[in-house]
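**Student:**
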Amino acid sequence: MDTQQKTILITGASGLIGGALTRYFAAAGHSVVALPRLPAGQCGNSGTAGWSPAEGQFYLPADVQPDVVIHLAGENAGDGRWTKRKKANILLSRVHGAETLVDGIGHWPRPPELVLMASAVGFYGDTGMQVVDESSAAGEGFLASISTQVEPLAVPLDTADTRVVQMRLGVVMAAEGGALPRMVLPYRLGIGGVIGNGRQWLSWVSLSELCRMVAFVIDTPALRGVVNMVSPKPVQNRELARVLATLCGTKAWLPMPAAAVRLLFGEMGEEMLLSSSRVVPRRLREHGFEFSPEPLEAQLGQLL
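In structure tokens, the structure reads:
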């Protein structure tokens, strides 16, 4: 990454990705400012940075002038069944967060050079066997609807002084949290197997490579707009099952039929476990990002 020190503001800094980026950029010598969520009415009381997205409240001390903003905050869509209330909370957490952030930045005396907004490859919906990239249209479903409603909210920030990048994230693989520990658990218990027909694709990215991707975007002024942050090699579920079984020293012998997924997880299972996501990072590749040459099995082996 560029050796010039930058001030980087991160929302969602206590989460898996935010924590990793905080450590990554701090280790590189940059000044990282977390924007913690505060109870309504308390923003600014302590004189430190904080916000309350649901109330539209945002406070940043005058002596903090971020060069880069990384917006990650939002309710986890993969945590439990999607009840009507859960879906509303997921959507509103992202809408309120984006609106509050955009409004707050609009009042800064000096605009940031770059704003990175977290989105997801769920934008593309169920892609089946089709390969999609940043030029592909939005798909259908709840996850796609979140992205199509939230991504445009950052458009007012995209000016001659500030570039905006929508980070469409794949499933983030990390040892310390997120999807991987949940994926591995059945195999460690000896009951893992293919989900559904096993032909659905998964677009994924390791946490360490994601950190490098974010740093690359910061250092590449030509990159703005949508950027898929995924491995260039998505994996089918049946191959993922084989890899996880091998790494856990067991076999993928107990499949989970699609009907069981729908019964246990409802709409969330349909979109996040049975739908196919075959997304490639065309723009990162075109701009010269160096992806890890290691295959999925080697990368996951380093995490387990």
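Residue numbering for the sequence shown follows this note's numbering, beginning at 2 and increasing consecutively.
Glycine is no exception: its CB is placed at the ideal position from the N, C-alpha and C atoms.
#1: Have a look at Leu305 and Leu203 and give me their C-alpha separation to the nearest angstrom.
#2: To the nearest angstrom, report how far apart Asp378 and Asp68 are at their CA atoms.
#3: Roughly how many angstroms separate the alpha carbons of Gly42 and Gly51, rounded to a whole number?
#4: CB-CB under 6 Å to Phe59, same chain, minus the five flanking residues each way: which ones, in chain order?
#5: Using three-state DSSP, classify Thr247 as helix, strand or coil.
#6: Looking at the structure shown, is His97 part of a helix, part of a strand, or coil, going by DSSP?
#7: By a C-beta neighbour count over all protein chains shown, 10 Å radius and 16 as the cutoff for buried, is Val70 buried or exposed?
#8: Please name the residue, chosen from Ser15, Ser47, Asn90 and Ala99, that lies closest to Pro157 on a Cα-to-Cα basis.
#9: Roughly how many whole angstroms lie between the Cα atoms of Leu115 and Pro235?
#10: By DSSP, does Ile192 sit in helix, in strand, or in coil?
#11: Would you mind giving the Cβ-Cβ distance between Arg225 and Asp134, rounded to the nearest angstrom? I have them listed as a contact below 8 Å.
#12: Does DSSP put Thr23 in a helix, a strand or coil?
#13: Just grab the DSSP bridge partners of Trp202 for me.
#14: Helix, strand or coil: how does DSSP classify Arg225 here?
#15: Is the stretch 148–155 touching the stretch 189–208 in the sense that three or more CB pairs, one from each, lie closer than 8 Å?
#16: Sort out for me which residues DSSP pairs Val173 with in a bridge.
#17: Report the residue from Val231, Asn46 and Val96 whose alpha carbon sits nearest the alpha carbon of Ser313.
#18: Please determine if the stretch 296–305 and the stretch 140–151 are in contact, where contact requires at least 3 C-beta pairs separated by less than 8 Å.
#19: In three-state terms, what does DSSP make of Thr128?
#20: In terms of alpha-carbon separation, which member of Val172, Leu245, Ala223 and Cys212 lies closest to Gly79?
#21: Below 8 Å between beta carbons: does that hold for Trp83 and Met269?
#22: Since I believe Val33 is in contact with Ile11 (beta carbons under 8 Å), could you give me their beta-carbon distance rounded to a whole number of angstroms?
#23: Going by other Cβ atoms of all chains shown within 10 Å of its Cβ, with 16 needed for buried, is Gly20 buried or exposed?
#24: To which residues of the same chain is Met273 closer than 7 Å at the C-beta, ignoring the five residues directly before and after it?
#25: Is the stretch 258–267 touching the stretch 178–187, taking contact as three or more C-beta pairs under 8 Å?
#26: Out of curiosity, what's the CA-to-CA distance linking Val45 and Ala119?
#27: Please state whether the Cβ-Cβ distance between Gly178 and Pro187 is less than 8 Å.
#28: Nearest by alpha-carbon distance to Pro112: which of Pro233, Gln66, Gly30 and Gly48 is it?
#29: So, for Leu255: in the same chain, excluding its five sequence neighbours on each side, which residues have a beta-carbon less than 8 Å away from its beta-carbon?
**Tutor:** Per the coordinate set shown:
#1: Between the alpha carbons of Leu305 and Leu203 lies a distance of about 19 Å.
#2: Residue numbering for the chain in the displayed model covers 2 to 305; residue 378 lies beyond these limits and cannot be assessed.
#3: So the two alpha carbons sit approximately 11 Å from each other.
#4: If you ignore the 5 residues before and after Phe59, its C-beta comes within less than 6 Å of the C-beta of Trp52, Thr101 and Gly105, all in its own chain and listed in chain order.
#5: Helix, per DSSP.
#6: Of the three classes helix, strand and coil, the one that applies to His97 here is helix, per DSSP.
#7: Result: buried.
#8: For the set Ser15, Ser47, Asn90 and Ala99, the Cα lying nearest the Cα of Pro157 is the one of Ala99.
#9: Approximately 28 Å between the Cα atoms of the pair.
#10: In the three-state reduction of the DSSP assignment, Ile192 falls in the coil class.
#11: With a contact defined as Cβ atoms closer than 8 Å, Arg225 and Asp134 miss out at about 16 Å.
#12: In this structure, Thr23 counts as helix in the three-state DSSP scheme.
#13: The partner list for Trp202 (beta bridge, DSSP) reads Gln237.
#14: Three-state result, Arg225: coil.
#15: Counting C-beta pairs with one atom in each stretch, the stretch 189–208 and the stretch 148–155 have fewer than three that are closer than 8 Å, which means they do not touch.
#16: Val173 is bridged to Val206.
#17: The chain is shown from 2 up to 305; residue 313 falls before or after that span and cannot be answered.
#18: In this structure the stretch 296–305 does not lie against the stretch 140–151, because fewer than three pairs of beta carbons, one per stretch, are closer than 8 Å.
#19: Look at Thr128 here: in three-state DSSP terms it is coil, with no helix or strand label.
#20: Of the listed residues, the one whose Cα sits closest to Gly79 is Val172.
#21: It is a contact, given that the beta carbons lie within the stated cut-off.
#22: The pair is a contact, with the Cβ atoms about 6 Å apart (cut-off 8 Å).
#23: Buried, since its Cβ has 16 or more Cβ neighbours within 10 Å.
#24: Excluding residues up to 5 positions away in sequence, Gly79 lie with their Cβ nearer than 7 Å to the Cβ of Met273 in the same chain.
#25: Too few Cβ pairs lie closer than 8 Å, so no.
#26: Per the sequence presented here, residue 45 reads as Gly, with Val not at that position. Distance between the alpha carbons of Gly45 and Ala119 is about 25 Å.
#27: No.
#28: Considering only alpha carbons, the answer is Gln66.
#29: Answer for Leu255: Pro187, Ile192, Gly193 and Gly194, listed in chain order.
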